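A.B. asks: So the sequence shown is residues -33 to -1, 1 to 129, counted in mature numbering (1 follows the signal peptide of the UniProt record, and there is no 0). Just so it is clear, CB atoms sit at the ideal spot from N, CA and C, and this is done for glycine as well. These figures come from a predicted structure and were not determined experimentally. This is the structure, below, for whatever I ask next.
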Amino acid sequence: MTLRSSRRAALLPAALAAPMLLAAGLAANLALAEEKPSPPSKSGAAVPPVELTVELDGDKPRCSPAELRLPAQTNVELRVINRADRPVTLTAPGQFENRNVLHADGDLVHVMSNEGYLVKQGGKGTLKLKTLAAGEYPYACTSVQNQDAPFRGKLILAPSAG
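Right, here's the structure in full:
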């Protein structure tokens, strides 16, 4: 082996190490970028959870509040409490489509129509949603035993402050 070839051989590991170090640094930066939380709402403050309660009025469900007010196009947490002695379906066309539901847990079952959630008898659950555009939308609570007499409310999505 000549002096020139031994120098090339000595430089080869260093030449290979530089791209590997660069790749490792990029991977670490990507991992940090993935761990960053989503940006806060335009107002800078987190939206507090909103509670929706279902009770029976005779044999018909009643949702409270009748006018459910939420910020538009914002991630919100809706806590649903069913105090009725029967399952109730909560619907809001468009709002409960898979693309707008970030997380659901508790005593909630997504209905096949993709427009609502069944809340088990005496159940509680949490829906984390990306709300629709600003405007007024219908929402309803329907008892499984009395489907022809739903409670009809109004979902009011107000533009975000800021």
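Between 73, 82, 52, 49, which lies nearest to residue 65 when the distance is taken from Cα to Cα?
C.D. replies: As a first step, residue 65 is located in the sequence shown; it is residue number 98 there, counting from the start. When each option's Cα is compared against that of residue 65, the closest is 82.
A.B. asks: When you compare each of 100, 99, 92 to residue 16 by their alpha carbons, which one comes out closest?
C.D. replies: Taking the first residue of the sequence shown as position 1, residue 16 is located at position 49. Residue 92 holds the alpha-carbon nearest to the alpha-carbon of residue 16 among 100, 99, 92.
A.B. asks: Need the endpoints of the beta strand (DSSP E) that residue 58 sits in, please.
C.D. replies: To locate residue 58, count along the sequence shown from 1; it is residue 91. That run of the beta strand (DSSP E) goes 55 to 58.
A.B. asks: For the beta strand (DSSP E) that residue 31 lies in, which residues bound it at each end?
C.D. replies: Locating residue 31 in the sequence shown gives position 64, counting from the first residue. Element bounds for residue 31: 27 to 31.
A.B. asks: Short check: CB of residue 118 to CB of residue 50, under 8 Å?
C.D. replies: As a working mapping, residue 118 is identified with position 151 in the sequence shown. As a working mapping, residue 50 is identified with position 83 in the sequence shown. Going by C-beta atoms, residue 118 is not nearer than 8 Å to residue 50.
A.B. asks: Using DSSP's beta-bridge definition, name the partner residues of residue 71.
C.D. replies: Numbered from 1 along the sequence shown, position 104 holds the residue referred to as residue 71. Its beta-bridge partners are 94.
A.B. asks: Any idea which residues DSSP pairs residue 38 with across the strands?
C.D. replies: Locating residue 38 in the sequence shown gives position 71, counting from the first residue. DSSP, once it has assigned bridges, lists 125 as partnering residue 38.
A.B. asks: Put residue 66 into one of helix, strand or coil per three-state DSSP.
C.D. replies: Translated into the one-based positions of the sequence shown, residue 66 becomes position 99. Helix, per DSSP.
A.B. asks: Quick one, are the C-beta atoms of residue 35 and residue 106 less than 8 Å apart?
C.D. replies: The sequence position of residue 35 within the sequence shown is 68, counting from 1. The sequence position of residue 106 within the sequence shown is 139, counting from 1. Going by C-beta atoms, residue 35 is nearer than 8 Å to residue 106.
A.B. asks: Does residue 4 come out as helix, strand or coil in the three-state DSSP assignment?
C.D. replies: Sequence index remark: in the sequence shown, residue 4 carries index 37 (1-based). For residue 4, the predicted structure reports a pLDDT of 35, less than 50, and the residue's modelled location is therefore unreliable. A value from the coordinates is still provided. The answer is coil: DSSP assigns residue 4 none of H, G, I, E or B.
A.B. asks: Thinking C-beta only, is residue 110 closer than 8 Å to residue 46?
C.D. replies: Residue 46 sits at position 79 when you count from the first residue of the sequence shown. Residue 110 sits at position 143 when you count from the first residue of the sequence shown. Result no, Cβ atoms of residue 46 and residue 110 do not sit closer than 8 Å.
A.B. asks: Indicate the three-state DSSP secondary structure (helix, strand or coil) for residue 111 in the structure shown.
C.D. replies: Translated into positions along the sequence shown, residue 111 becomes position 144. Residue 111: coil per DSSP, three-state reduction.
A.B. asks: Within this structure, are the beta carbons of residue 98 and residue 23 separated by less than 8 Å?
C.D. replies: Reading the sequence shown from its first residue, position 131 is the one you call residue 98. Reading the sequence shown from its first residue, position 56 is the one you call residue 23. Result no, Cβ atoms of residue 98 and residue 23 do not sit closer than 8 Å.
A.B. asks: Classify residue 59: buried if its beta carbon has 16 or more other beta carbons within 10 angstroms, exposed otherwise.
C.D. replies: As a position in the sequence shown, residue 59 is number 92, starting the count at 1. By the 10 Å Cβ count, residue 59 comes out buried.
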